[in-house]
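Numbering-wise (the working numbering), the sequence shown opens with residue 38 and increments by one. Working notes, structure below.
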Amino acid sequence: VLGLASGSDGLKLTRRILACAPDYLSDDGILICEVGNSMVHLMEQYPDVPFTWLEFENGGDGVFMLTKPQLIAARAHFGIYKD
């Protein structure tokens, strides 16, 4: 249901998570987030963000990882979340 309520590109909720996650992570925390087929849109919108795209033994894609320091460094790209 959240994916359906996540806007035309499927990333509305993801943008909110990216903007707010550093406030909730410990200093050595990481964010792991699944965006599925919207990964193309995410990479287009944030080409300078160093997403680590995870690979799975049994296939699947669209899951990235960012550390708290990476999220803080990229905050200017994400801006302040506005609904």
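Cβ coordinates follow ideal geometry from the N, Cα and C atoms, glycine included. Predicted model, so just to flag it, every value in this text is computed and none were measured.
Discussion item. Distance check for Gly73 and Thr89, CA to CA, integer angstroms please.
Written reply: Put simply, the backbone Cα of Thr89 is about 14 Å away from that of Gly73.
Discussion item. I want to check one thing, is the minimum distance from the CB of Leu103 to the heavy atoms of the ligand NAP below 6 Å?
Written reply: For the ligand NAP, the structure offers nothing, since it holds no ligand at all.
Discussion item. Mapping the DSSP letters down to three states, classify Phe88 as helix, strand or coil.
Written reply: Coil.
Worksheet item: Nearest-angstrom Cα distance between Asp60 and Phe93?
Response: Taking the CA atoms as reference points, Asp60 sits about 29 Å from Phe93.
Practice prompt. Determine the DSSP secondary structure at Glu71, reduced to helix, strand or coil.
Written response: If DSSP states are grouped into helix, strand and coil, Glu71 belongs with the strands.
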